[in-house]
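Numbering (my numbering), first residue to last: 111 to 252.
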């Protein structure tokens, strides 16, 4: 604008004066005589945000489905192979404990304690099926 004049900023709430004000180019008069705000820029940004939200939601669903299908290498072992699990996981740190020193039901407590230790050492956690298989193997050794 000439002479350093600043253009008038059109803000909400609109009054009848601002609707008919030529300094507010966003406002148009439609064929029925009602005033409407031109939404081209806002429609474009809304469409972008809608697409972004849709894409994000689809990506979230795909990641959730993929996480549900992921299988840890230690989970792929059959739960019935408790001896293999013990040899691959437990015997890396210690030998097979003496079964005669264990009270009935004591293996469950021992396995849970060792699982807490594994987590404190940032080792991969065992699944419930793996812990049951190891417990069953140790109880059969008694």
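Glycine residues also receive a C-beta, built at the ideal position from the N, C-alpha and C atoms. Remember, predicted model here, so these are calculated numbers, not experimental data.
Endpoints, the alpha helix (DSSP H) within which residue 219 is located: Locating residue 219 in the chain shown gives position 109, where the first residue counts as 1. Taken as a continuous stretch (DSSP letters only), the alpha helix (DSSP H) holding residue 219 covers 216-230.
Identify the continuous alpha helix (DSSP H) that holds residue 248 and give its terminal residues. Indexing the chain shown from 1 puts residue 248 at position 138. Bounds of the alpha helix (DSSP H) holding residue 248 are 238-251.
C-alpha distance - residue 175 paired with residue 218, whole-angstrom precision: On the chain shown, position 65 is the one that residue 175 refers to. On the chain shown, position 108 is the one that residue 218 refers to. If you take the alpha carbons of residue 175 and residue 218, they lie about 32 Å apart.
Backbone secondary structure at residue 213 - three-state DSSP: Taking the chain shown and counting its residues from 1, one reaches residue 213 at position 103. The answer is coil: DSSP assigns residue 213 none of H, G, I, E or B.
Is the separation between the beta-carbon of residue 225 and that of residue 212 shorter than 8 Å? Translated into positions along the chain shown, residue 225 becomes position 115. Translated into positions along the chain shown, residue 212 becomes position 102. Pairing residue 225 with residue 212 gives a Cβ-Cβ distance that is not under 8 Å.
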